[in-house]
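As structure tokens, the structure follows; a few thoughts come after it.
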Amino acid sequence: MTGLVLLGPPGVGKGTQAERLRDSLGLLHLSTGEILRRAVAAKSPLGQRVAAVIASGNLVSDELVGEVVDQALRQDGAASKGFLLDGFPRTLGQVGILDRILEPAGLTLDHAVLIEAPQDLLVRRLTGRRICPGCSALYHVDGRPPSTAGVCDACGARLVQRDDDREEVVTERLRVYRQQITPVIAAYRERGLLREIDGSGSADEVFARVLASVRGVAV
Ligand code: AMP
């Protein structure tokens, strides 16, 4: 069983790397952003509580996200497959919450993979990002365009820009991320779990670095 958390600023390519890690290592992949966005789209009680916070680029409360992760890890057989948390923990409070979720479930964290890239690259990647509202496939107007502009290759739905990928919100998300993540990084570094990855270059190049780091191989 492998337990991973994937850390990195919005726009660094966490979603893409998480999909590849899931496929390559067979892990249960939990993206808190995706779970929350689905709840907003479904207008569930959770979605109604978090919709305004997400649209503003701020963070949902630690307790609420903790409940979401706890439930997801219980339901989905994390113990047999191993798990990959994407977008959680984002604050020092969430580091403690995760410890309290994992221990009674008999799960352990093996690596905290941190992917980094310069700010201007992140802004370019985020504002060009498009998502399929039907099947959650990710595209980018420059880096990963669909074969027909604005249309999902997989399911034919019309692609949209996430509200929080608009430029004015992106700057706020990056500011909030940097402020909150610094003590999270320090905590995992102190425990010897931190694996720092250069997120520049192609998705293939970054994935080779990520895979090598969790396998303990130097690149
Ligand atoms: P993401 O797709 O990871 O950028 O998440 C989108 C939005 O969901 C964030 O801007 C937050 O409002 C919310 N969110 C996702 N994960 C967390 C988390 N671990 N803690 C608090 N809020 C979160």
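In terms of my numbering, the sequence shown opens at residue -3 and continues consecutively.
Think of the CB as a built atom: it goes at the ideal place given N, C-alpha and C, for glycine as much as any other residue.
Model, not experiment: these values are computed from the prediction.
Practice task
Alpha carbon to alpha carbon, how far is residue 25 from residue 60? Give it in angstroms, no decimals.
Solution key: 19 Å
Exercise for the section: Report all residues from its chain with a CB closer than 6 Å to the CB of residue 150; omit the five preceding and five following residues, and keep chain order. Expected result: 131, 133
Handout entry: Inter-stretch contact at 8 Å, needing at least 3 Cβ pairs: the region 180 to 198 / the region 106 to 114
Key = yes
Practice task
Indicate, with yes or no, if the ligand AMP has a heavy atom lying under 7 Å from the CB of residue 90.
Solution key: yes
Problem - Straight-line Cα distance separating residue 172 from residue 53 - result: 8 Å
Problem - Contact under 8 Å by Cβ, residue 97 with residue 66 - result: yes
Problem - Alpha-carbon spacing of residue 36 relative to residue 46, whole angstroms - result: 7 Å
Exercise for the section: May I ask you to check if the CB of residue 79 is nearer than 7 Å to at least one heavy atom of the ligand AMP? Expected result: no
Practice task
Would you kindly work out how many angstroms separate the C-alpha atoms of residue 38 and residue 207, rounded to a whole number?
Solution key: 34 Å
Practice task
For the region 21 to 101, list the alpha helix (DSSP H) runs that are entirely contained and at least 4 residues long, ordered along the chain.
Solution key: 28 to 37, 41 to 52, 58 to 71, 74 to 77, 88 to 101
Problem - For residue 135: DSSP bridge partner residues - result: 126
Handout entry: Among 164, 92, 143, 15, the one whose alpha carbon lies nearest that of residue 122
Key = 164
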